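Notes follow once the structure below has been shown.
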Amino acid sequence: MVELRQNEQKVLLTLNKLGGKASIDRIMKLSGLAHASVMRATLKLSKEKLAQLLEQKQTVVTLSSEGKTYARDGLPERRLIKSLIKLGGKAEINRIVKETGLDSQFAPIALGWVRRKNWATIKEKKQQMIALRDPEKGEDERFLGILKAKKAVIIEEHSEEKQIVADVLRRRKLVEVEERILRTLKLTAKGKALVNKGVTIVDEVSQLTPELIITGKWRETKLRKFNVTAPGPAFYPGKAHPLQQIIERAREIFLEMGFTEIRGPLVETAFWNFDALFQPQDHPAREMQDTFYVSDPKTGKLPSEEIVDAVAKTHENGWITGSRGWGYKWNRKEARRLVLRTHTTAETIKYLSKHRNPPIKVFSVDRVYRNEQLTYKNTAEFHQIEGIVVDKGVTLRDLMGTLKTFYSRFGLKKVQFWPCYFPYTEPSAQAMVFVPQLKSWIELCGMGMFRPEVLAPMRIEHPVLAWGGGLERIAMLELGLEDIRVLFSNNLGWIRGVPLRR
Amino acid sequence: MGVARALKGLRGWELGLQKYDLQKGKTVLKVDSAVSAVRPFMLGAIVRNLKLNEEEVAELMEIQEDLHWGIGRDRVKASIGVHNLDGINPPFTFTAIKPNAMKFAPLGTTKEMSLWEILKNHEKGVQYKHLIDWASEYPLLVDRDGKVLSMPPIINGELTRVDENTENLFLDVTGTDYEAVNKSLNVLSTALADMGGRVETVKVEYPNRTVHSPNFTPQKMNLQTRFVNDLLGLKLSQANIIESLKKCRLGAKKNGKEAIEVAIPVYRIDIFHEVDLVEEVAIGHGYYKLKPTLPSSVTIGKQHPAYIMANRARQIMIGLGFVEVLNFTLTNEHLHYKKMRRKAQKPVKLANPVSSEYTIMREDLLPYLMKNLAENKHESFPQKLFEVSDVVNQNSKMESRCERLMHLAAVSSHSSANFTEIRSAVEALLSNMGVRHWDVRAVKHPSFTEGRIAALNVKKKQIGIVGEVHPEVLNNFELENPTAAFEVNLEIL
Chain A
1 MVELRQNEQK VLLTLNKLGG KASIDRIMKL SGLAHASVMR ATLKLSKEKL AQLLEQKQTV
61 VTLSSEGKTY ARDGLPERRL IKSLIKLGGK AEINRIVKET GLDSQFAPIA LGWVRRKNWA
121 TIKEKKQQMI ALRDPEKGED ERFLGILKAK KAVIIEEHSE EKQIVADVLR RRKLVEVEER
181 ILRTLKLTAK GKALVNKGVT IVDEVSQLTP ELIITGKWRE TKLRKFNVTA PGPAFYPGKA
241 HPLQQIIERA REIFLEMGFT EIRGPLVETA FWNFDALFQP QDHPAREMQD TFYVSDPKTG
301 KLPSEEIVDA VAKTHENGWI TGSRGWGYKW NRKEARRLVL RTHTTAETIK YLSKHRNPPI
361 KVFSVDRVYR NEQLTYKNTA EFHQIEGIVV DKGVTLRDLM GTLKTFYSRF GLKKVQFWPC
421 YFPYTEPSAQ AMVFVPQLKS WIELCGMGMF RPEVLAPMRI EHPVLAWGGG LERIAMLELG
481 LEDIRVLFSN NLGWIRGVPL RR
Chain B
1001 MGVARALKGL RGWELGLQKY DLQKGKTVLK VDSAVSAVRP FMLGAIVRNL KLNEEEVAEL
1061 MEIQEDLHWG IGRDRVKASI GVHNLDGINP PFTFTAIKPN AMKFAPLGTT KEMSLWEILK
1121 NHEKGVQYKH LIDWASEYPL LVDRDGKVLS MPPIINGELT RVDENTENLF LDVTGTDYEA
1181 VNKSLNVLST ALADMGGRVE TVKVEYPNRT VHSPNFTPQK MNLQTRFVND LLGLKLSQAN
1241 IIESLKKCRL GAKKNGKEAI EVAIPVYRID IFHEVDLVEE VAIGHGYYKL KPTLPSSVTI
1301 GKQHPAYIMA NRARQIMIGL GFVEVLNFTL TNEHLHYKKM RRKAQKPVKL ANPVSSEYTI
1361 MREDLLPYLM KNLAENKHES FPQKLFEVSD VVNQNSKMES RCERLMHLAA VSSHSSANFT
1421 EIRSAVEALL SNMGVRHWDV RAVKHPSFTE GRIAALNVKK KQIGIVGEVH PEVLNNFELE
1481 NPTAAFEVNL EIL
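Here the protein sequences line up with chains A and B, keeping their order.
If you're matching positions, the first sequence starts at 1 in the working numbering and goes up one per residue.
If you're matching positions, the second sequence starts at 1001 in the working numbering and goes up one per residue.
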């Protein structure tokens, strides 16, 4: 059973009313449907073999603006001969033209056609014209009359003679000719049978409205069926940035593991960024090529004299730590210089100088800076993951276990520890992870236990386990990126396309 | 060579201290009192019977560079000269002379230059002139006949150039820090001993004292068994620890029931506290043998309030259909002020920016959001972006005279974006953040269209702005769609 939509039924019935064959234009007129709707219905009716679409080439002839003038006033040669006859059948050309009231630019055309149609002869010497007859209306003039009445004529519907005339007029630029396809719909026997069986039109709507719902009219209304397989417009939801999603996951894991989050300033004194972590003031790592220094404002404030003094002495001679220190004169001016923090450990040590009761477990996943050019593997700003455990009797093995637990929740399960040097931890290690998709071991983070030279000035009495590593590297692994800049390029197409983190 | 030495230990082929023969030599090095003002310390050593291959010469250069950079602090505290001993005659003299007093050919040239010319024209002279150019006399190392070995710490003379055929070396280390000079010489001469050289001492005669260098006497340190086990979380016996230390090529023997006396070879300049020995034990024992454990204390995690707030705001913005972007906090004045039609404020400025793109820290988020729109013109509209992140302002009350604040900014860009739409968005944010009362006041702002910009106030304090971005700003970013925006400081909500 063929199921027809409202418009398709309308077209079918209209066609029947028009005698089973009609042009699309006529169907539109009678049904009141738009062209696109009739055509869509036609497609369906043809597919179901209820109607047949016939296509015929048509040549449409209409009057040009010049043609319109002549259709109203007569052809110039007709007006000329009329005047000549009125003047007695023989007269000077100038006089005839004047009598006719013909625009001077049309005079040569009129004279040409009078001669060509053999209506008069011209005595060149005397500039005289002599009428040969009082001519009857020609085919061309009659055709102009038809055009004037009908506005447009489909030439294929007329005799061959008329077609020749139309061509002459086209060459005189009195008519315009346009070719088009005439689409005619013809009811098939199957269509006729369906109409005879009876097609009743039910109201059909494309959008359910509050009115239809409230009044209950929806019961008598047919909701038009949609082509549900047709593609629709794209819709982009609001969402968190892919890197932010990974930051949030790192934070969640820390929180699940019982860590407290800390947050510190981005601009920090060299004291907290370097000196408190036993990095000597003349160490190359503090040089300008690794660290961003701030020129405005230039310097910050130092913490309590007690802490500053202890740090100074530890650098100079080891103080009470049992260390030999760095053996140089510590400079407080250097410690007051401002830097963009190169690691979140600056905040960690500050926090530990104020919170000394174990157990302490703190973390941050936060912005740090390195004086680097932007390349596919480096950015001047990135995020550091940092975890700290302070407790009575915690050991290097505890650090290894904590760190392993953390990264395994990121899906990084195959972790190894290699010896490594870091200035403020001892013993130190480097955690390496095996990445199956890269088939290699990559550096995950640095780790270690704070040196006595770091602990003593802050009066920290228990071992401090610390680890820190980049977040972007993990993000690149998760997102399958080879260029770190993608994470900060904010390409909307990319952000819209990346699925939410699993 | 150092790697080979360590590997032999870890594999157990050779344990304990590496033995070095040190012969007492007769070569004299005089240190003139003239140098005390500019570069007071010098030590030397002789190494004989070397047969260096190309790789070893390269390694020698590398060790020298590492020492210059590390303990030498880029040649300030110590710098090294390595000379071919054949062709020069002791005694050597370390002295200081007037910058134009004489000429010699520096390494790599045959052209003789005065000391002053070297500082002015030679690549190394230009690089390191700050170490001596303030003095009235410059340091110079010469032999018995006045031939120039080097101009410490700038450059050696061409005369004593070392190549693969060199068999006998004279090493000089000069500097401003005696310890650094001593350590550098020890590291270098033990490395050459590892390469098969025979090291011989030099008699260094200062005006008031005489020393013999190098000195290979190991440093002694006591290590407690318990200290090791406490840090590593192991139960190693005294004997285990001794064995592990020996694998790391340290000397180790029992010192009573608990303690171990460790002898540290002179090349191990990285060991200066007992704790450094603990890592040696871990390496000797094997990191891979350390079984990970978890600390036993129970703790309860807690988020920082700033991030709780940021995440609430983030959730609302996502609900409103905005997409999050993440920008840098570093920016430049052109983007931050000029393109936004603003006069430059007083931002935090970098002393050593790495590019003109990143010279200051952002004071608000909006300029980067405009840049994000400019770079996404080819993507479909409407485009609604937000960022919740850091801005930094100068604030003299803070320890670092800078204050980090959490801001939230959003832009909506499409053919019919307007004030009403963005105001509705910011008010949805405020009410869902739990703000009860706020007022909206018409203000002027150069980045926004007049009459379509308002300030948001909570408890008489301005917390942000909301408005339609000025068409000139849109032109500056080459944007084609009307754009409405807001920015609020989340920390005073």
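Just so it is clear, CB atoms sit at the ideal spot from N, CA and C, and this is done for glycine as well.
These figures come from a predicted structure and were not determined experimentally.
Per DSSP, the bridge partner or partners of residue i
i	result
VAL1204(B)	LEU1029(B), VAL1211(B)
ASP366(A)	GLN384(A)
ARG1404(B)	VAL1392(B)
TRP441(A)	PHE434(A)
SER1079(B)	THR1174(B)
LYS148(A)	For LYS148(A), which the question treats as bridged, DSSP gives no partner whatsoever.
GLY446(A)	GLN430(A), GLY468(A)
ILE307(A)	Paired residues: none, contrary to the question.
PRO1139(B)	ALA1096(B)
SER1413(B)	GLN1383(B), THR1483(B)
Separation of residue j from residue i, as counted between CA atoms
i	j	result
GLY198(A)	GLN6(A)	14 Å
ALA1417(B)	GLY497(A)	24 Å
GLU306(A)	LEU277(A)	16 Å
LYS1111(B)	PHE1094(B)	23 Å
GLU1491(B)	ASN1457(B)	13 Å
ARG501(A)	GLY493(A)	17 Å
TRP119(A)	ILE154(A)	31 Å
ILE93(A)	LYS117(A)	17 Å
HIS1285(B)	GLY401(A)	18 Å
LEU1188(B)	PRO463(A)	36 Å
LYS1459(B)	ASP1439(B)	9 Å
PRO452(A)	TRP326(A)	14 Å
GLY1125(B)	GLU1062(B)	20 Å
LEU1365(B)	LYS1302(B)	28 Å
SER1356(B)	GLN437(A)	37 Å
ARG336(A)	VAL308(A)	11 Å
SER46(A)	GLU1478(B)	51 Å
Cβ shell of residue i (< 8 Å), same chain only, five flanking positions each side left out
i	result
ILE27(A)	VAL11, THR14, LEU15, LEU18, LEU33, VAL38, LEU185
GLN1023(B)	ARG1198, VAL1199, GLU1200, THR1201
LEU1067(B)	ALA1078, ILE1080, SER1184, VAL1187, LEU1188
ALA1135(B)	ALA1037, VAL1038, ALA1096
Cutoff 7 Å; reference residue i; Cβ partners in own chain excluding five residues on either side
i	result
GLY1025(B)	ILE1046, GLU1200, THR1201, VAL1202
ILE85(A)	ALA131, ASP134
LYS57(A)	GLU179, ILE181
Contact list for residue i against chain B, beta-carbon separation under 7 Å
i	result
ARG171(A)	Under the 7 Å cutoff, chain B gives no residues; its nearest Cβ is about 50 Å from ARG171(A).
ILE495(A)	VAL1323
Contact set between residue i and chain A, taken where Cβ atoms lie within less than 7 Å
i	result
LEU1330(B)	ALA380, GLU381
HIS1304(B)	GLU261, ILE262, ARG263
LEU1408(B)	Here the premise fails: no neighbours, minimum Cβ distance about 13 Å.
Interface residues of chain A facing residue i [CB-CB closer than 8 Å]
i	result
TRP1069(B)	PRO284
Contact set for residue i: own chain, Cβ-Cβ below 6 Å, skip 5 residues either direction
i	result
ILE1132(B)	VAL1038, TYR1138
GLN163(A)	ILE155
ILE385(A)	ALA250, VAL365, GLY469, LEU471
Per-residue contacts from residue i into chain A (C-beta, under 9 Å)
i	result
LYS1292(B)	One point to set straight first is that residue 1292(B) is Pro, not Lys, in the sequence displayed. Here the neighbours are ARG397, ASP398, LEU399, MET400, GLY401, THR402, LEU403, LYS404, THR405, VAL415, PHE417.
HIS1273(B)	GLY318, THR321, GLY322, SER323, ARG324, GLU426, ARG451, PRO452, GLU453
Cross-chain neighbours of residue i in chain B, by beta carbon under 8 Å
i	result
GLU372(A)	VAL1354
Contact test: residue i Cβ vs the ligand GTP heavy atom, cutoff 7 Å
i	result
LEU1408(B)	In the structure on display, the ligand GTP does not appear, and there are no ligands present to speak of.
Interface partners of residue i on chain B, CB under 9 Å
i	result
TYR293(A)	LEU1350, ALA1351, ASN1352
GLY59(A)	According to the sequence shown, residue 59(A) is Thr rather than Gly. Going along chain B, no residue has its Cβ under 9 Å from THR59(A), so there is no contact; the nearest lies around 44 Å.
PRO237(A)	ILE1318, GLY1321, VAL1323
Between the stretch 389-419 of chain A and chain B, which residues of the former have CB atoms less than 9 Å from a CB of the latter, in chain order?
-> VAL389, ASP391, LYS392, GLY393, VAL394, THR395, LEU396, ARG397, ASP398, LEU399, MET400, GLY401, THR402, LEU403, LYS404, THR405, VAL415, GLN416, PHE417, TRP418, PRO419
Using a beta-carbon distance cut-off of less than 9 Å, what residues from the stretch 1079-1091 of chain B approach chain A?
-> none
Between the stretch 436-459 of chain A and chain B, which residues of the former have a C-beta closer than 9 Å to a C-beta of the latter?
-> GLY448, MET449, ARG451, PRO452, GLU453
Residues of the stretch 13-40 of chain A with Cβ closer than 7 Å to any Cβ of chain B, in chain order | none
Could you please tell me which residues of the stretch 294-309 of chain A, in chain order, have their CB closer than 7 Å to any CB of chain B?
-> VAL294, SER295, ASP296, PRO297, GLY300, LYS301
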